[in-house]
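First the structure, in the form of structure tokens, and then the observations on it.
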Amino acid sequence: MRIRRLKNSIKFYLPRIEGYLEVLNSLLVEFEGMSLIEFDGYFEKKVEPAKYVRAEVHIDKMNERKIIKQANQIRKRLDQKSLAIEINGQLVLIEHK
Numbered sequence: 001m002r003i004r005r006l007k008n009s010i011k012f013y014l015p016r017i018e019g020y021l022e023v024l025n026s027l028l029v030e031f032e033g034m035s036l037i038e039f040d041g042y043f044e045k046k047v048e049p050a051k052y053v054r055a056e057v058h059i060d061k062m063n064e065r066k067i068i069k070q071a072n073q074i075r076k077r078l079d080q081k082s083l084a085i086e087i088n089g090q091l092v093l094i095e096h097k
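So for the sequence shown, full-length UniProt numbering puts the first residue at 1; every next one is plus one.
This is the structure:
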């Protein structure tokens with residue numbers, strides 16, 4: 001029997017817009033597996049909900065700077081002003097300057 005404990009949890013909060021499936025596929029290739037939860041998000045004081053997906057991955061060893069840089073690249077790829085990720089329970093908001 002083989003048991004692995006993956007110490008780090010990363011959650012990417014992605015808007016369901018054009019290009020998000022490609023982002024999910026690239027995350028799946030990199031992390032080998034993930035869980036997905038779809039939800040309605042109310043952001044920027046808008047009443048209309050936007051559809052979002054939370055993609056959660058787990059890894060043993062993590063470079064936090066690399067993950068934040070990767071999230072910023074995803075933000076640019078999806079043409080968003082900001083993108084939220086959660087690293088081990090701490091919310092990190094990546095915003096355009």
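We put the CB at the ideal spot given by N, CA and C, even for glycine.
Using 10 angstroms around the beta-carbon of residue i, count the other beta-carbons present and answer buried if the total reaches 16, otherwise exposed.
| i | result |
| --- | --- |
| Phe12 | buried |
| Leu83 | buried |
| Leu36 | exposed |
| Tyr42 | exposed |
| Arg75 | buried |
| Ile85 | buried |
| Leu14 | buried |
Do residue i and residue j have their CB atoms nearer than 7 Å?
| i | j | result |
| --- | --- | --- |
| Ala50 | Leu27 | no |
| Arg77 | Val53 | no |
| Ile10 | Val57 | yes |
| Ile59 | Leu6 | yes |
| Met62 | Asn25 | no |
Round the Cβ separation of residue i and residue j to the nearest angstrom and send it over; I've been treating them as touching at under 8 Å.
| i | j | result |
| --- | --- | --- |
| Asn72 | Ile94 | 5 Å |
Which residues does DSSP list as the beta-bridge partners of residue i?
| i | result |
| --- | --- |
| Ile40 | For the record, residue 40 in the displayed sequence is Asp; it is not Ile. According to DSSP, Asp40 bridges with Lys51. |
| Lys11 | Glu56 and Glu86 |
| Ser35 | Glu56 |
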